[in-house]
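Trainee: Numbering-wise (this note's numbering), the sequence shown opens with residue 1130 and increments by one. This is the structure I want to talk about, given as structure tokens.
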Amino acid sequence: MKSTLAFVTTQASFEDRLARLLDASKIEVARISPGDIAAYEGVSGVLLDAYSFGDEDLLFREAAFLRAQEIPFAIDLSRAANVDPLLIELAHGFTARAPSELDALTVRLAFIAVQRRDPRIEFATTMAPHHDALLLVMSDGSARLEPRPLHAEDDREQLASITILDDGRGVEIGTTGGARFTFTMAKSEPLDGRSLGARIRELRQYAGITQAELARRTGIHRPNIARVEAGRHTPSLETISRLAEALGVNPSQILR
């Protein structure tokens, strides 16, 4: 399943630049109009074109919404006048001030969008002097502090060795007390987007309603419903619940 990188802009054409920058096998691009917050459903990352907003209050609102939803985003300020410093803080400084910075910003945002779906461990250590937790840095730039005991075999003695597994999903650990074990990241089984989409389409057709009507009942844009039914996007559990309510079924009937 590809990740989706959304560009919030009024620019009519940007595909040529993106084709040169991004790996089409891992990420697809969608253009969203400023103010269309409902279209953020299912996106993995967002690039806000500040110039396209015109109204800084609208830009501020969308940046705040993305931060609250924990959706990775960046802001292209290369064509914008001075902006509120708090806006830059909302973006955690993830901005492009000049056109020459935009390519690198786009590539980095796309990388985060892809890695966020299934981050790997890039660095692992422990914090002296207590060694009572494992500190992990993930491939999407996030960090996790995992408290001990990490495993049934963890004797809670000082960690003597930490080796990241080849697949990046766990670490082999040895303690000064002689314990050896493997700590793996807890990871839920991913939802099968194609099966979910086919099931939603089947239930919609059984209910005798169109995609447009389902969109009206749920508040989800019809193109996004079409993407879900085609298996191009895996909906969140909250979205599945909304779809189930609109279809008059229990969410378990979609997830089974």
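Quick reminder that beta carbons are idealized off the backbone N, C-alpha and C, glycines included.
Between the Cα of ARG1361 and the Cα atoms of ALA1375, ALA1327 and LEU1376, which residue gives the shortest distance?
Mentor: ALA1327
Trainee: Rounded to the nearest angstrom, how far is the Cβ of ILE1161 from that of ALA1135, given a contact under 8 Å?
Mentor: 5 Å
Trainee: At 4 residues or longer, and completely inside the segment 1327-1385: list those alpha helix (DSSP H) runs for me, N to C.
Mentor: Taken in chain order, the whole alpha helix (DSSP H) runs of length 4 or more contained in the segment 1327-1385 are 1340-1347, 1351-1358, 1366-1376 and 1380-1384.
Trainee: Measuring straight from C-alpha to C-alpha, what distance separates GLY1306 and VAL1300?
Mentor: 18 Å
Trainee: Taking the beta strand (DSSP E) that ASP1178 falls in, what are its first and last residues?
Mentor: Residues 1174-1178.
Trainee: Would DSSP call ALA1209 helix, strand or coil?
Mentor: coil
Trainee: Rounded to whole angstroms, what is the Cα-Cα separation between GLU1199 and GLU1374?
Mentor: 25 Å
Trainee: Could you tell me which of ASP1165, VAL1172 and PHE1310 sits nearest to LEU1107, measuring between CA atoms?
Mentor: Residue 1107 lies beyond the range of the chain shown here (1130 to 1385); nothing can be said about it.
Trainee: Of all the options GLN1244, GLN1287, ASP1283 and GLY1297, which has the alpha carbon lying nearest to the alpha carbon of LEU1265?
Mentor: Residue GLY1297 holds the alpha-carbon nearest to the alpha-carbon of LEU1265 among GLN1244, GLN1287, ASP1283 and GLY1297.
Trainee: Report yes if the CB atom of SER1132 is closer than 8 Å to the CB atom of ALA1242, and no otherwise.
Mentor: yes
Trainee: Please report the distance separating the alpha-carbon of ALA1289 from that of HIS1280.
Mentor: 15 Å
Trainee: In whole angstroms, what is the alpha-carbon distance linking PRO1163 and GLN1140?
Mentor: 11 Å
Trainee: Let me know if ARG1333 comes out buried or exposed under the rule of 16 or more other beta-carbons within 10 Å of its beta-carbon.
Mentor: buried
Trainee: Which residues mark the beginning and the end of the beta strand (DSSP E) in which ALA1159 is found?
Mentor: 1156-1161
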